[in-house]
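Undergrad: Numbered per numbering that gives the first Met the number 0, the sequence shown finishes at 250, counting up by one with no gaps.
Each residue gets a CB set at the ideal place from its N, CA and C atoms; glycine is no exception.
What you are looking at is a predicted structure, and each value in this text was computed from that prediction instead of being measured.
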Amino acid sequence: MNKDGKIGVFDSGIGGVTVLKEILKILPDEEYIYFSDSKNNPYGDKTDEQINCFCENIVNLFIEKNCKAIVIACNTASAKSAKHLREKYPNIPFIAIEPAYKMVYDYSYNGSTLVMATKGTIESEKFNLLYHKYDNHKTTLLPCVGLADIIEEGNKEKIREYLVNHLGQYKGKIENVVLGCTHYPLIQDLIEDVLGKVKFYNGAPYLAKHLKDVLTENNLISTCTTKGNIEFIDSSNSTKKEERFFKIIKA
Ligand code: DGL
0 MNKDGKIGVF DSGIGGVTVL KEILKILPDE EYIYFSDSKN NPYGDKTDEQ INCFCENIVN
60 LFIEKNCKAI VIACNTASAK SAKHLREKYP NIPFIAIEPA YKMVYDYSYN GSTLVMATKG
120 TIESEKFNLL YHKYDNHKTT LLPCVGLADI IEEGNKEKIR EYLVNHLGQY KGKIENVVLG
180 CTHYPLIQDL IEDVLGKVKF YNGAPYLAKH LKDVLTENNL ISTCTTKGNI EFIDSSNSTK
240 KEERFFKIIK A
């Protein structure tokens with residue numbers, strides 16, 4: 000791995016943009032490749048074997064394109080494939096997002112908590128280890144089947160309707176919301192419209208800090224100033240996704 004390699008960031012779609020935005024705040028001079036695997040999304044209802052296979056294809060492409068580190072900006076892929084990828088590619092650092100449930104334990108142990116994530120994340124062994132370690136006994140785990148999909152589509156009315164149907168019963172009863180899917184920070188305002196005022200927990204700022212630490216420890220911080228160049232690749236060649244992605248990055 001060399002300092003002037005790129006940082007590969009991937010998700011099943013454009014949700015991982017919420018992670019890349021945090022990374023850019025503290026690593027603005029690195030060069031990035033963002034891979035949106037919209038051909039295979041949603042990941043949330045796929046088997047471990049399918050997700051391992053999607054992730055391997057993305058990692059092989061990142062390696063071909065000279066990536067020095069890889070960010071798994073998808074909670075589902077992290078939960079199901081991070082271990083497998085680290086074993087299969089021991090020479091490249093993987094930085095993986097996970098639901099920020101430990102933060103609730105650290106900062107709001109007595110607060111009623113809703114963990115929103117895909118079914119795949121909530122049922123995964125990795126998330127269950129985290130959950131049982133930090134369980135505050137006031138937590139509801141909510142598998143949001145199909146939500147990432149409609150966020151990906153970008154239809155606000157559909158999203159609002161989904162949230163009213165699935166979160167309406169928790170209105171006024173929840174203090175903490177763990178955003179356990181990288182698509183969900185894009186709809187924080189809509190979640191609050193339904194639940195009322197809540198405190199959000201998002202693992203992305205911590206992941207960004209961890210990435211910087213890993214690059215520093217491995218002497219991999221870039222020496223050229225590429226001013227945060229981003230190459231965007233979408234597996235179904237969607238120009239609409241690309242436009243939306245850069246609109247969110249620049250917002
Ligand atoms: N953004 C992904 C996550 O963080 C999942 C979306 C999907 O189901 O594809 O879990």
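According to DSSP, is Glu55 part of a helix, a strand, or is it coil?
TA: To locate residue 55, count along the sequence shown from 1; it is residue 56. Helix at Glu55.
Undergrad: Could you give the first and the last residue of the continuous beta strand (DSSP E) run that contains Asn175?
TA: On the sequence shown, position 176 is the one that residue 175 refers to. Residues Asn175 to Leu178.
Undergrad: So Ala68 and Ile158 are in contact, right, with Cβ under 8 Å, and what is the actual spacing, rounded?
TA: Indexing the sequence shown from 1 puts residue 68 at position 69. Indexing the sequence shown from 1 puts residue 158 at position 159. About 32 Å separates the two Cβ atoms, so there is no contact after all.
Undergrad: Can you tell which of Gly15, Pro204 and Lys239 has its C-alpha closest to the C-alpha of Leu26?
TA: Reading the sequence shown from its first residue, position 27 is the one you call residue 26. In terms of Cα proximity to Leu26, the closest of Gly15, Pro204 and Lys239 is Pro204.
Undergrad: DSSP on Ser237, reduced to helix/strand/coil?
TA: The residue you call residue 237 lines up with position 238 of the sequence shown. Residue state for Ser237 is assigned as coil, using DSSP reduced to three classes.
Undergrad: Indicate the three-state DSSP secondary structure (helix, strand or coil) for Gly167 in the structure shown.
TA: Residue 167 sits at position 168 when you count from the first residue of the sequence shown. Three-state DSSP puts Gly167 in a helix.
Undergrad: For Tyr100, count neighbouring Cβ atoms within 10 angstroms of its own Cβ and tell me buried if that reaches 16, exposed if not.
TA: Locating residue 100 in the sequence shown gives position 101, where the first residue counts as 1. By the 16-neighbour rule on beta-carbons within 10 angstroms, Tyr100 is buried.
Undergrad: Whether or not the stretch 30-44 and the stretch 6-20 are in contact is what I'm after, with contact meaning three or more pairs of Cβ atoms, one per stretch, closer than 8 Å; do they touch?
TA: Verdict: yes, contact present.
Undergrad: Quick check: the stretch 215-223 against the stretch 35-46, are there 3 or more CB pairs under 8 Å?
TA: no
Undergrad: Are Gly145 and Cys73 closer than 8 Å when you measure CB to CB?
TA: The residue you call residue 145 lines up with position 146 of the sequence shown. The residue you call residue 73 lines up with position 74 of the sequence shown. Going by C-beta atoms, Gly145 is not nearer than 8 Å to Cys73.
Undergrad: Cβ of His209 versus every heavy atom of the ligand DGL: is any distance shorter than 7 Å?
TA: Translated into positions along the sequence shown, residue 209 becomes position 210. Not so, every heavy atom of the ligand DGL lies at least 7 Å from the Cβ.
Undergrad: Beta carbon of His165: closer than 7 Å to some heavy atom of the ligand DGL?
TA: One-based indexing of the sequence shown puts residue 165 at position 166. His165: no, Cβ never under 7 Å from the ligand DGL.
Undergrad: In the DSSP assignment, what residue or residues form a beta bridge with Asp10?
TA: Against the sequence shown, residue 10 aligns to sequence position 11. In DSSP, Asp10 forms a bridge with Ser35.
Undergrad: Kindly indicate which three-state DSSP category Glu242 falls into: helix, strand or coil?
TA: Here residue 242 corresponds to residue number 243 of the sequence shown, with the count starting at 1. In the structure shown, Glu242 sits in a helix (DSSP, three-state: H, G or I).
Undergrad: Between Lys118 and Gly179, what straight-line distance do the alpha-carbon atoms span, to the nearest angstrom?
TA: Reading the sequence shown from its first residue, position 119 is the one you call residue 118. Reading the sequence shown from its first residue, position 180 is the one you call residue 179. In this model, Lys118 and Gly179 are separated by some 11 Å (Cα to Cα).
Undergrad: Can you list, in chain order, the residues of its chain whose CB lies under 7 Å from that of His209, leaving out five sequence neighbours each side?
TA: Sequence index remark: in the sequence shown, residue 209 carries index 210 (1-based). Excluding residues up to 5 positions away in sequence, Ile94 lie with their Cβ nearer than 7 Å to the Cβ of His209 in the same chain.
Undergrad: Just to check, is the beta-carbon of Ala147 closer than 7 Å to a non-hydrogen atom of the ligand DGL?
TA: Your numbering for residue 147 matches position 148 in the sequence shown. At least one heavy atom of the ligand DGL is nearer than 7 Å to the Cβ of Ala147, so yes.
Undergrad: My output table needs one value for Tyr183: the three-state DSSP class, helix, strand or coil.
TA: By one-based count along the sequence shown, residue 183 stands at place 184. Of the three classes helix, strand and coil, the one that applies to Tyr183 here is helix, per DSSP.
Undergrad: Any idea what DSSP makes of Lys5, helix, strand or coil?
TA: By 1-based counting over the sequence shown, the position of residue 5 is 6. Here Lys5 sits in strand by DSSP.
Undergrad: What separation, rounded to the nearest whole angstrom, lies between the Cα atoms of Thr112 and Thr138?
TA: As a position in the sequence shown, residue 112 is number 113, starting the count at 1. As a position in the sequence shown, residue 138 is number 139, starting the count at 1. So the two alpha carbons sit approximately 5 Å from each other.
Undergrad: Find out if the Cβ-Cβ distance for the pair Ala147, Glu21 is shorter than 8 Å.
TA: Position 148 of the sequence shown, counting from 1, holds the residue named residue 147. Position 22 of the sequence shown, counting from 1, holds the residue named residue 21. Their beta carbons are not under 8 Å apart, which means Ala147 does not touch Glu21 by this criterion.
Undergrad: Look at Ile79 and Ser123 and say whether their C-beta atoms are less than 8 Å apart.
TA: For the purposes of this step, residue 79 is taken as residue 80 along the sequence shown, with counting starting at 1. For the purposes of this step, residue 123 is taken as residue 124 along the sequence shown, with counting starting at 1. As written in the sequence, residue 79 is Lys, which differs from the Ile given in the question. Yes, Cβ-Cβ distance for Lys79 and Ser123 is below 8 Å.
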